[in-house]
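Chains as they are written, first to last, in this note's numbering: chain A, 913 to 1235; chain B, -9 to 288.
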C-alpha cells in the first residue's frame, strides 16, 4: 500500500480495534459504553474519591518550635551541626524524615548522634530497605548510570551499618503526627501515599496537594526524599514543606545543606523557615575519600552540584542544574 | 485483515479488575485521531483522514481540567494525533500550566523556531514543569522513514534542534519497532545522536509496541493467549498499571487510558466523575502493559 493510500484509508471511517467501520457505528457503540451517573451519584463518586483515609498515628506535642530535617545520608558532621543550630535557635524537638544512610561515609556514626539528640525519626526508603535486607535502596531510578551509583552508595551503607542499627531502623515508625501550636503536621518520607514518591515543587501542583492534605486530614505536610527543599502555602492556608536534606547540598552551587524550622504563631498560624546550614564539608569530603567512596560524590559535597541521580529531576529543576 | 481483538474477548467477568486509586494523570486526546503523519505502527491508526475522535476545544479542556482539579490531579498529558495541529494548543497549554505540570507528545514536525520560543516562554512563566516528548523510530532516515514517512527523520531532528535552541530539552520517544532501542548500546546510539545536535543532557524513553491499529496490520495482531485472566492479580496489586491512576478525555467522552481510545468498550462515561470506577483488564493491550511494565508517562 502506498503512503497516499494508507492516508486515505480512514476517510469517513473509524478504527475499531483492527477493523475499519463506518464512523457512526463506532460513535454509537462508544456512546452506549460506560454509564453516566445521576448528579447525586456523581457527587457521591467525587466524595468517595477524596474521602479522608483512616490513620491511627498518635499526635505528639504540642510544641511551639521544632526543627525537621530530611535525608542524613551518613553525613554525621551535618547532623552534629544541625543539632547545635536547632538548639541555638530554641527548637524544643528535632525530627528526622528518614534516609539515614547512603552517599556519605561511616554509617554507624549517625546513630549515637540521633540517640543523644533525642531525634524523633521515621523510616525512609533506605531504612525500609536496609531493615528488610533488600538488595537495593528502592530509590526508583531507571537510568543505568543512576542505578550504578545508587548501588555503590547502598552497598557501602549496607556493609558498614551494624545489625543492631539496622534492626533499630526497622522499628522506626513510617509516619508521625505532630502538633505545633494549633496546627497538626503530618511527617512522612516521600509522600503520605508512598515512601518513595517524589514531591518536587514543579510536579506537585496545588490541586494535588490540597487533595492530599484533605485525604490525610492535616494542616501541614512535611516530606523529604527529593533532596530539594521547597515550601508552598496553599490557597486553603495550609502548608506543604519539603524540608530538603542535610546529607548533601541542594544542587545550587553552594555547599550548604538545608532543614526546616516550624514555629507556632499567635492566633493559630504556622511559620515556616527553610534554613541553610554550614558544616565542616571539607572534613566530610576527606573522610569520603578515605573510605573509597566515588569521587563523583565528593565533588557534590565540595561544589554544591549534583553529579549523579539527576534523572529524577523534573524539567524545571533540571534546567537549573549544572549537569 | 486480522482477527478482531473484540472477538477474542474472554467470557465477561473473567478478567481481573483495576480500581482507580487516584486521578494522578489526566490525558487529553487533544488532536483527536488527526495527524499529519500516518505511521505504520500507530496503535490508534492516526492519519490526516482519521476522525474517529475529533479535536478538543480550549473550552472542553478547561471543563475537564476543572473537574480534575477537584479530584486532585497531579499532571496533564496531551496526545493525538499531532497535538500542534490543534489551533488552540498553545492556549490550552497556557491554561493547563496555571494548575499543573504538562507534557505534550508530539511528532516534532510543527516545532518551528517561533513555536519553540513561545513554548519556552510558557515553560519559564509557569511554576510547574513543561515537557515535550518527540517521537522518532530510528537513528537515521533509513530506519525511521519507512515507519514515520519519507523525509520525516530530518524534519523531526530539525524540530528537536529548534526546541534545544530555545532552551527546552525534549524527551526522545522510541518504540521497540526499532529493534535495538531498548539495549544499552541502542540507547547510547540515540544519546550520541542527540549530543551530535547539541543536546548535552539527552533524554530517552523506549516504549513497546501495542499490536492494535496500524501496528496489527504491519506486524500482526495479538494471539489469543496474550490475555490477563482472573486469578493473575500480582501480590502487590495493579498499582504498576497506569490505569490505576489515570483517565483519558476525548471529544467522545472519558476513556480508561491512552491506549484503548479506539475500543468503544473502554469508554467509561461522559465526565470524569462517571469514570472513577474499576476497569476490567480484558483487552490484549492490557497484557502488554502488565508484561512489559508499560507506562505512557515519561
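Heads up, the beta-carbon is just placed ideally off N, CA and C, and yes, glycines get one too.
Step through the CB atoms of chain B and report whether any lies within less than 9 Å of the CB of residue 938 of chain A. Counting from 1 along the first chain, the entry for residue 938 of chain A is found at position 26. Any Cβ of chain B closer than 9 Å to the Cβ of residue 938 of chain A would place that residue at the interface, and such an atom is present.
List the DSSP bridge partners of residue 1089 of chain A. Within the first chain, the letter at position 177 stands for residue 1089 of chain A. For residue 1089 of chain A, which the question treats as bridged, DSSP gives the partners A/971, A/1098.
Contact with chain B by residue 979 of chain A, beta-carbon distance below 9 Å: The residue labelled residue 979 of chain A in the question sits at position 67 within the first chain. Closer than 9 Å: no.
Cβ contact (3+ pairs, closer than 8 Å) linking the region 980 to 987 of chain A and the region 996 to 1011 of chain A: Judged by Cβ distances under 8 Å, the region 980 to 987 of chain A makes contact with the region 996 to 1011 of chain A, as three or more pairs qualify.
Determine the contact status of residue 26 of chain B and residue 101 of chain B, defining contact as a CB-CB distance below 9 Å. Along the second chain, one-based indexing puts residue 26 of chain B at 36. Along the second chain, one-based indexing puts residue 101 of chain B at 111. Against a cut-off of 9 Å, the Cβ pair of residue 101 of chain B and residue 26 of chain B comes out as no contact.
Decide if residue 225 of chain B is buried, meaning its Cβ has at least 16 other Cβ atoms within 10 Å, or exposed. For the purposes of this step, residue 225 of chain B is identified with residue 235 of the second chain, where counting begins at 1. That one is exposed.
Helix, strand or coil, according to DSSP, for residue 33 of chain B in the structure here? For the purposes of this step, residue 33 of chain B is identified with residue 43 of the second chain, where counting begins at 1. Three-state result, residue 33 of chain B: coil.
So what does residue 195 of chain B bridge to, in DSSP terms? Here the question's residue 195 of chain B lines up with position 205 in the second chain. Its beta-bridge partners are B/163.
Is the region 928 to 947 of chain A close to the region 51 to 63 of chain B, with three or more CB pairs under 8 Å? Output reads no: the region 51 to 63 of chain B does not touch the region 928 to 947 of chain A.
Within its chain, find whatever has a CB closer than 7 Å to the CB of residue 86 of chain B; leave out the 5 residues flanking it on each side and keep chain order. Numbered from its first residue, the second chain carries residue 86 of chain B at position 96. Cβ-Cβ distances below 7 Å link residue 86 of chain B to 55, 66, 92 in the same chain, with the five nearest sequence neighbours on each side left out; the list follows chain order.
Which value, in whole angstroms, describes the spacing of the CA atoms of residue 1163 of chain A and residue 227 of chain B? By 1-based counting over the first chain, the position of residue 1163 of chain A is 251. By 1-based counting over the second chain, the position of residue 227 of chain B is 237. Residue 1163 of chain A and residue 227 of chain B: Cα-Cα distance of roughly 36 Å.
Cβ pair count under 8 Å reaching 3, the region 243 to 258 of chain B against the region 168 to 185 of chain B: Segment contact: the region 243 to 258 of chain B against the region 168 to 185 of chain B, fewer than three CB-CB distances shorter than 8 Å; contact not assigned.
Would the region 146 to 166 of chain B and the region 102 to 111 of chain B be scored as touching if the rule is three or more Cβ pairs under 8 Å? Touching, per the Cβ criterion.
Alpha carbon to alpha carbon, how far is residue 929 of chain A from residue 192 of chain B? By 1-based counting over the first chain, the position of residue 929 of chain A is 17. By 1-based counting over the second chain, the position of residue 192 of chain B is 202. For residue 929 of chain A and residue 192 of chain B, the distance between alpha carbons rounds to 35 Å.
Do the region 1092 to 1107 of chain A and the region 74 to 86 of chain B meet, that is, are 3 or more Cβ pairs less than 8 Å apart? The region 1092 to 1107 of chain A is not in contact with the region 74 to 86 of chain B.
If you drop the 5 nearest sequence neighbours on each side, which residues of the same chain put their C-beta closer than 7 Å to that of residue 208 of chain B? Residue numbering aside, residue 208 of chain B sits at position 218 when the second chain is read from its first letter. Answer for residue 208 of chain B: 30, 31, listed in chain order.
Quick one: what's got a C-beta closer than 8 Å to residue 185 of chain B's C-beta in the same chain, skipping five residues either side? On the second chain, residue 185 of chain B is found 195 positions in, with the first residue counted as 1. Non-local C-beta neighbours of residue 185 of chain B in its own chain, meaning closer than 8 Å and more than five positions away in sequence, comprise 192, ordered along the chain.
Note the first and the last residue of the continuous beta strand (DSSP E) segment covering residue 281 of chain B. Counting from one through the second chain, the residue named residue 281 of chain B turns up at place 291. From DSSP, residue 281 of chain B is part of no beta strand (DSSP E) but of the alpha helix (DSSP H) over 274 to 282.
Would you decide whether residue 1034 of chain A is buried or exposed? Buried here means 16 or more other CB atoms lie within 10 Å of its CB. The residue you call residue 1034 of chain A lines up with position 122 of the first chain. Classified as buried, residue 1034 of chain A has 16 or more neighbouring CB atoms from the shown chains inside 10 Å of its CB.
For residue 1132 of chain A and residue 1029 of chain A, what's the separation of their Cα atoms in angstroms? Reading the first chain from its first residue, position 220 is the one you call residue 1132 of chain A. Reading the first chain from its first residue, position 117 is the one you call residue 1029 of chain A. Going by the C-alpha atoms only, they are around 24 Å apart.
Among residues of its own chain, excluding the 5 on either side of residue 1171 of chain A, which ones have a beta-carbon nearer than 7 Å to its beta-carbon? As a working mapping, residue 1171 of chain A is identified with position 259 in the first chain. Excluding residues up to 5 positions away in sequence, 979, 980, 981, 994, 1155, 1156, 1158, 1187, 1189 lie with their Cβ nearer than 7 Å to the Cβ of residue 1171 of chain A in the same chain.
Between which two residues does the alpha helix (DSSP H) harbouring residue 1113 of chain A extend? Numbered from its first residue, the first chain carries residue 1113 of chain A at position 201. DSSP places residue 1113 of chain A in no alpha helix (DSSP H); its state is neither H nor E.
Residue environment, residue 277 of chain B, which counts as buried when at least 16 other CB atoms sit within 10 Å: Sequence index remark: in the second chain, residue 277 of chain B carries index 287 (1-based). That one is buried.
Nonlocal neighbours in the same chain, by C-beta distance under 6 Å from residue 279 of chain B, ignoring five residues either side: On the second chain, position 289 is the one that residue 279 of chain B refers to. Excluding residues within five positions, the ones whose Cβ falls inside 6 Å are 231.
Please report the distance separating the alpha-carbon of residue 1091 of chain A from that of residue 1153 of chain A. Numbered from 1 along the first chain, position 179 holds the residue referred to as residue 1091 of chain A. Numbered from 1 along the first chain, position 241 holds the residue referred to as residue 1153 of chain A. Taking the Cα positions, residue 1091 of chain A is about 15 Å away from residue 1153 of chain A.
Which residue wins for smallest C-alpha separation from residue 161 of chain B, given the options B/117, B/149, B/262? Taking the first residue of the second chain as position 1, residue 161 of chain B is located at position 171. Residue B/149 holds the alpha-carbon nearest to the alpha-carbon of residue 161 of chain B among B/117, B/149, B/262.
Kindly indicate which residue of A/1221, A/1203, A/931 has the alpha-carbon position closest to the one of residue 1071 of chain A. Here residue 1071 of chain A refers to the residue found at position 159 of the first chain. Restricting attention to A/1221, A/1203, A/931, the CA atom closest to the CA of residue 1071 of chain A is found in A/1203.
Do we get a CB-CB distance below 9 Å when we pair residue 1227 of chain A with the residues of chain B? Position 315 of the first chain, counting from 1, holds the residue named residue 1227 of chain A. Yes, its Cβ sits closer than 9 Å to a Cβ of chain B.
Hey, would you say the C-beta of residue 1191 of chain A is under 8 Å away from at least one heavy atom of the ligand PLP? With respect to small molecules bound, the structure shown includes none, and the ligand PLP cannot be examined in it.
Let's test the definition: count the other Cβ atoms within 10 Å of the Cβ of residue 1060 of chain A and tell me whether it reaches 16, buried, or not, exposed. In the first chain, counting from the first residue as 1, residue 1060 of chain A sits at position 148. Counting Cβ neighbours within 10 Å, residue 1060 of chain A comes out exposed, since fewer than 16 surround it.
Entirely enclosed beta strand (DSSP E) segments - the region 31 to 102 of chain B, minimum 3 residues: The beta strand (DSSP E) runs of length 3 or more contained entirely in the region 31 to 102 of chain B are, from start to end of the chain, 65 to 69, 92 to 96.
Consider the Cβ of residue 166 of chain B: report whether some Cβ of chain A lies at a distance smaller than 9 Å. For the purposes of this step, residue 166 of chain B is taken as the residue at position 176 of the second chain. So no, residue 166 of chain B is outside the interface.
Cβ closer than 8 Å: which chain B residues qualify as neighbours of residue 1122 of chain A? Counting from one through the first chain, the residue named residue 1122 of chain A turns up at place 210. Per Cβ cutoff of 8 Å: 62.
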